[in-house]
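For reference, the structure discussed in these notes is given below.
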Amino acid sequence: MERPTVTPSGVAVAPRRPRTRPLLRLLPLSPAVVLLLLFLAGPIAYCAWIAFTDLQLTGQAESSFVGLENFRTAFTDEAFLNAVWLTLVFTVVSSLIGQNTLGLALAALMQRASKPVRTLTGGIVITAWVLPEVVAGFLLYAFFRREGTLNAILEWLHLPSQNWLFTLPILAVSFANVWRGTAFSMLVYSAALNEIPKEITEAAEVDGAGGWRRMWHITLPMIRRSIGTNLMLNTLQTLSVFGLIWVMTRGGPGDRSQTLPLFMYEQAFQNSMIGYGTAVALLLLLVGSLFSVVYMRLLRTEI
Amino acid sequence: MRPTAVLIPLVAAVLTAPALTACGSGSGSDPDTLKVSFKQSTDNSVKVMDNFLADIKKQFEKANPGKKVELVPIKAPDSEYYTKLQQMLRSPKTAPDLVYEDTFLINSDITSGYLKPLDPYLAKWKDWSQFIDTAKAAAKGEDGKTYGVPDGTDTRGLWFDKGVFEKAGLPADWQPKTWDEVLDAARTIKEKVPGVTPLNVYTGKPAGEAATMQGFEMLLYGTDAGGSDPLYDKGSKKWIAGSQGFKDALAFVETVYKEKLGPDVADALDPNFGTRVRGELLPEGKLGINLDGSWLPQDWLPGSGHEWPEWSQKLGLAAMPTQNGQAPGKVSMSGGWTWAVPAKAANPDLAFEFIKTMQTKANAQKWYIANSGIAVREDVAADPEYVKAQPGIEFFTDLVASTHYRPAYPAYPKVSVAIQEAMEGVTTGDVSVDDAARGYDETLKDVTDNQVIEK
Chain A
1 MERPTVTPSG
11 VAVAPRRPRT
21 RPLLRLLPLS
31 PAVVLLLLFL
41 AGPIAYCAWI
51 AFTDLQLTGQ
61 AESSFVGLEN
71 FRTAFTDEAF
81 LNAVWLTLVF
91 TVVSSLIGQN
101 TLGLALAALM
111 QRASKPVRTL
121 TGGIVITAWV
131 LPEVVAGFLL
141 YAFFRREGTL
151 NAILEWLHLP
161 SQNWLFTLPI
171 LAVSFANVWR
181 GTAFSMLVYS
191 AALNEIPKEI
201 TEAAEVDGAG
211 GWRRMWHITL
221 PMIRRSIGTN
231 LMLNTLQTLS
241 VFGLIWVMTR
251 GGPGDRSQTL
261 PLFMYEQAFQ
271 NSMIGYGTAV
281 ALLLLLVGSL
291 FSVVYMRLLR
301 TEI
Chain B
304 MRPTAVLIPL
314 VAAVLTAPAL
324 TACGSGSGSD
334 PDTLKVSFKQ
344 STDNSVKVMD
354 NFLADIKKQF
364 EKANPGKKVE
374 LVPIKAPDSE
384 YYTKLQQMLR
394 SPKTAPDLVY
404 EDTFLINSDI
414 TSGYLKPLDP
424 YLAKWKDWSQ
434 FIDTAKAAAK
444 GEDGKTYGVP
454 DGTDTRGLWF
464 DKGVFEKAGL
474 PADWQPKTWD
484 EVLDAARTIK
494 EKVPGVTPLN
504 VYTGKPAGEA
514 ATMQGFEMLL
524 YGTDAGGSDP
534 LYDKGSKKWI
544 AGSQGFKDAL
554 AFVETVYKEK
564 LGPDVADALD
574 PNFGTRVRGE
584 LLPEGKLGIN
594 LDGSWLPQDW
604 LPGSGHEWPE
614 WSQKLGLAAM
624 PTQNGQAPGK
634 VSMSGGWTWA
644 VPAKAANPDL
654 AFEFIKTMQT
664 KANAQKWYIA
674 NSGIAVREDV
684 AADPEYVKAQ
694 PGIEFFTDLV
704 ASTHYRPAYP
714 AYPKVSVAIQ
724 EAMEGVTTGD
734 VSVDDAARGY
744 DETLKDVTDN
754 QVIEK
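Those protein sequences? They're chains A and B, same order as listed. Numbering of the first sequence is given in the numbering used here, commencing with residue 1 and proceeding in unit increments. Numbering of the second sequence is given in the numbering used here, commencing with residue 304 and proceeding in unit increments.
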């Protein structure tokens with residue numbers, strides 16, 4: 001009878017296994033990998049390539065490689081800089097401030113509400129979230145337009161009305177985005193708040209800490225990671241909002257509400273400058289990446 | 304038995320094959336089906352083109368047993384229609400066999416290789432000689448070949464509401480001599496007939512080519528800028544920048560919206576405003592003067608969506624004057640649409656047969672009347688039945704003598720967008736006339752590769 005080989009250290013070594021085993025493990029993955037390469041990595045690489053060309057939708061026999069020309073053009077284009085600025089305003093107002101704080105407020109209030117109230121409120125807020133973007137756009141267009149619901153209410157209250165989509169379009173679409181995107185924040189914060197042990201909150205209460213102090217010193221620090229995660233996801237989502245703004249204002253009037261996604265669309269499909277539009281898309285990705293890096297760092301400091 | 308090295312790639316290939324196979328399916332198309340894409344009205348109740356094509360489809364399928372016609376409507380405002388069309392033309396998988404192409408896009412799309420020259424077919428089609436020369440020229444590329452069969456032309460002028468004019472104390476046979484007279488009439492209406500929009504001038508990117516052509520060029524081509532063409536210098540083959548006429552036209556637009564002689568700016572910048580003008584404002588007597596095209600009555604004809612048999616008594620027609628009344632004293636722009644065959648069409652021969660069916664004298668005449676178009680077939684234009692079929696057609700046909708055509712070169716679509724942006728800037732008041740003109744000049748250099756001349 002053959003004995004297992006004993007090494008000097010006294011550890012038995014199992015008989016060598018067939019070399020083909022690692023390859024066998026890759027086999028079930030190969031169809032998925034192929035599909036990902038074809039339908040995801042491929043188009044992305046193609047887009048990255050186009051961003052360095054002068055490809056046009058019409059009016060051109062052949063496109064050619066132009067290096068960083070598109071990016072140089074962008075940074076000297078006032079319309080592009082305007083779009084960057086409006087994108088930041090839109091993201092800060094509707095996502096960081098609007099969705100984030102309203103979501104937290106709703107989650108906190110719902111924690112101490114009775115079950116029927118929680119169910120009803122949650123249902124309503126989540127309904128706004130699941131509405132298709134275009135439907136939400138038309139709803140809010142009807143709300144904000146000159147003959148819309150908001151002006152009707154204001155006039156009934158004898159308050160001054162104005163054409164919100166015309167005079168303050170970026171704020172109107174920011175509000176719209178808050179309205180339809182708060183549910184996600186609410187859900188994230190509800191889950192986070194439920195994770196806080198009751199004993200800690202009760203102990204603080206016994207020690208005489210009021211509601212706001214408990215929120216500031218106990219609740220917020222304890223859900224810090226959720227805040228970071230929620231901000232990152234909200235921000236990246238909000239940066240690329242197109243349909244809602246397009247339906248409500250088309251980026252207008254003029255370019256008063258033309259965020260980067262709408263500027264990108266205008267350049268690529270209305271001005272036929274596909275290469276330039278794609279370059280702007282890459283820059284939008286870059287902006288998103290910068291936000292990601294910042295949030296990642298904030299999250300990491302907690303570990 | 305242990306799996307061998309040979310077996311593993313084989314199994315991998317077998318597992319992967321279904322995924323790869325799916326990628327290639329669906330290419331090519333049925334040789335017995337003709338796909339005809341067309342522009343469907345954004346007004347759901349207007350079915351002029353739908354009905355006409357349905358009729359031609361019946362005729363065609365009856366004359367060609369075994370062949371089927373599939374109608375592919377594209378329902379979109381102008382700008383989106385052009386974009387959608389260009390995207391469809393890029394690939395054989397998405398290219399229809401026949402497309403409805405605005406003449407100003409012909410050269411641009413030709414340069415991109417989207418359209419097929421029709422000269423071999425036209426040489427064998429005896430009806431082609433019936434088409435007037437200017438219409439043929441509109442469908443011609445810079446290479447001298449013909450890329451579309453025109454289905455009518457149009458002219459532009461002023462439509463005015465006689466009821467509004469009466470209330471304002473203005474004459475029923477109004478014919479302004481200068482821009483100032485147009486503005487003065489609008490001011491009078493604003494003062495004396497509350498609740499009525501005095502003057503509509505299409506403006507801005509949302510209106511698209513309508514803003515450029517019905518709005519801006521109807522002004523610009525009435526100035527003294529640039530000699531025969533204020534946009535393009537044919538001698539040097541360069542686009543004209545820095546002209547005073549351009550600023551004067553912008554100033555007119557600015558005046559209309561600053562003095563609130565036009566529609567509310569928010570309405571003017573609605574891409575569906577043109578649909579509202581035809582469907583609501585004019586029939587309801589809420590618009591005093593409308594600078595627009597000759598085709599408006601198509602929405603008001605019997606069987607159309609907004610039947611309005613009294614329109615010819617309610618509305619007056621006037622030519623748009625030149626800026627200061629200088630010769631020739633009136634301005635018109637003409638465009639038109641053509642049926643074109645994509646370069647990547649699967650059934651080009653069948654497509655041209657369909658064109659021939661559409662453009663027989665009888666069918667063309669039916670189309671001109673239903674579409675309120677101006678005939679481009681000489682035999683139809685001479686037919687008394689065509690001339691009397693619709694009031695106003697004589698007025699607009701007479702404008703053909705003094706009408707202008709856009710410089711339909713490859714860069715034109717982008718030049719047009721630049722004009723729209725300049726207009727929109729002065730319409731909202733965000734930009735001054737001088738800054739808007741300067742912005743246009745800079746954009747012009749970009750989109751024309753510096754083929755620009757100052758005049």
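Think of the CB as a built atom: it goes at the ideal place given N, C-alpha and C, for glycine as much as any other residue. Just so it is clear, the structure is predicted and the values come from calculations on it, not from any experiment.
Integer-rounded CB distance, given that residue j should sit under 8 Å from residue i
i        : j        : result
Val556/B : Thr730/B : 6 Å
Pro624/B : Lys633/B : 6 Å
Ala711/B : Phe407/B : 5 Å
Gly275/A : Thr76/A  : Gly275/A to Thr76/A, Cβ: 16 Å. No contact.
Arg459/B : Gln517/B : 6 Å
Leu425/B : Phe657/B : Contact flag wrong, Cβ pair sits at about 15 Å.
Leu260/A : Ala83/A  : 5 Å
Val736/B : Ala514/B : Contact flag wrong, Cβ pair sits at about 16 Å.
Residue-level contact to chain B via CB, residue i, 8 Å cutoff
i        : result
Ser190/A : no
Leu57/A  : yes
Gly243/A : no
Ala61/A  : yes
Gly320/A : Since the first and last residues shown for chain A are 1 and 303, residue 320/A lies out of range.
Met1/A   : The predicted model places Met1/A with a pLDDT of 47, which falls under 50 and marks its position as unreliable, so this point remains unresolved.
Gly181/A : no
Gly137/A : no
Any chain A beta carbon closer than 8 Å to residue i
i        : result
Arg741/B : no
Gln759/B : This structure does not reach residue 759/B, given that chain B is present from 304 up to 758, and the question cannot be answered.
Ser340/B : no
Gly728/B : yes
Gly466/B : no
Asp381/B : no
Ala471/B : no
Asp405/B : no
Trp572/B : Here residue 572/B is Leu; the residue named in the question, Trp, does not match the sequence. Answer yes: the Cβ-Cβ gap between Leu572/B and chain A drops below 8 Å somewhere.
Same chain, Cβ closer than 7 Å to residue i, neighbours up to 5 away in sequence not counted
i        : result
Ser546/B : Ala528, Gly529, Pro533 and Lys758
Gln693/B : Pro600, Ile672 and Ser675
Ile50/A  : Ile274, Gly275 and Thr278
Lys541/B : Gln754, Val755 and Ile756
Ala684/B : Ala678
Ala74/A  : Phe80, Ala279, Val280 and Leu283
Close-in-space but distant-in-sequence residues of the same chain around residue i (CB under 6 Å, 5 per side omitted)
i        : result
Val734/B : Gly728
Ala325/B : Residue confidence is low: Ala325/B scores 46 on pLDDT, short of 50, so the model does not pin down where it sits. Its coordinate-derived value is still stated next. For Ala325/B, where only same-chain residues beyond five positions count, there are no Cβ hits under 6 Å.
Ala544/B : Asp744, Leu747, Val755 and Glu757
Thr578/B : Thr345 and Asp346
Trp611/B : Pro586 and Trp603
Gly288/A : Leu236 and Leu239
Met352/B : Phe341
Leu106/A : Met186
Best match in the options for proximity to residue i [C-alpha to C-alpha]
i        : options                                   : result
Pro509/B : Phe341/B, Ala379/B and Ala488/B           : Ala379/B
Pro474/B : Lys427/B, Asp536/B, Gln626/B and Gly619/B : Gly619/B
Ile377/B : Phe355/B, Tyr524/B, Thr386/B and Ala714/B : Thr386/B
Lys563/B : Ala489/B, Ala667/B, Gln433/B and His707/B : Ala489/B
Gln343/B : Ile658/B, Asn753/B, Ala440/B and Glu383/B : Glu383/B
Gly451/B : Val339/B, Leu486/B and Val644/B           : Val644/B
Leu220/A : Ile126/A, Ala192/A and Leu282/A           : Ala192/A
Glu445/B : Ala357/B, Ala714/B and Val703/B           : Ala714/B
Glu697/B : Met726/B, Ala630/B, Trp598/B and Ala646/B : Trp598/B
Phe71/A  : Asn271/A, Leu299/A and Met264/A           : Met264/A
Trp640/B : Ala357/B, Lys365/B, Gly525/B and Gly455/B : Gly455/B
Met110/A : Met186/A, Leu284/A, Thr229/A and Met222/A : Met186/A
Arg393/B : Leu418/B, Asn410/B and Leu374/B           : Leu418/B
Arg741/B : Ala721/B, Ala571/B, Thr751/B and Asp752/B : Ala721/B
Neighbourhood of residue i by C-beta distance below 8 Å, restricted to the same chain and skipping five residues each side
i        : result
Gln267/A : Met273, Tyr276, Gly277 and Val280
Phe363/B : Leu337, Lys370, Val372, Glu656, Phe657 and Thr660
Three CB pairs or more closer than 8 Å across the region 162-175 of chain A and the region 245-255 of chain A: A contact exists between the region 162-175 of chain A and the region 245-255 of chain A.
At least 3 beta-carbon pairs within less than 8 Å: the region 636-650 of chain B vs the region 392-404 of chain B: Yes, they touch.
Inter-stretch contact (C-beta, 8 Å, three-pair minimum) for the region 76-95 of chain A and the region 174-185 of chain A: In this structure the region 76-95 of chain A touches the region 174-185 of chain A; the number of beta carbon pairs closer than 8 Å is three or more.
Cβ contact (3+ pairs, closer than 8 Å) linking the region 124-132 of chain A and the region 215-232 of chain A: Contact fails: fewer than three Cβ-Cβ distances are below 8 Å.
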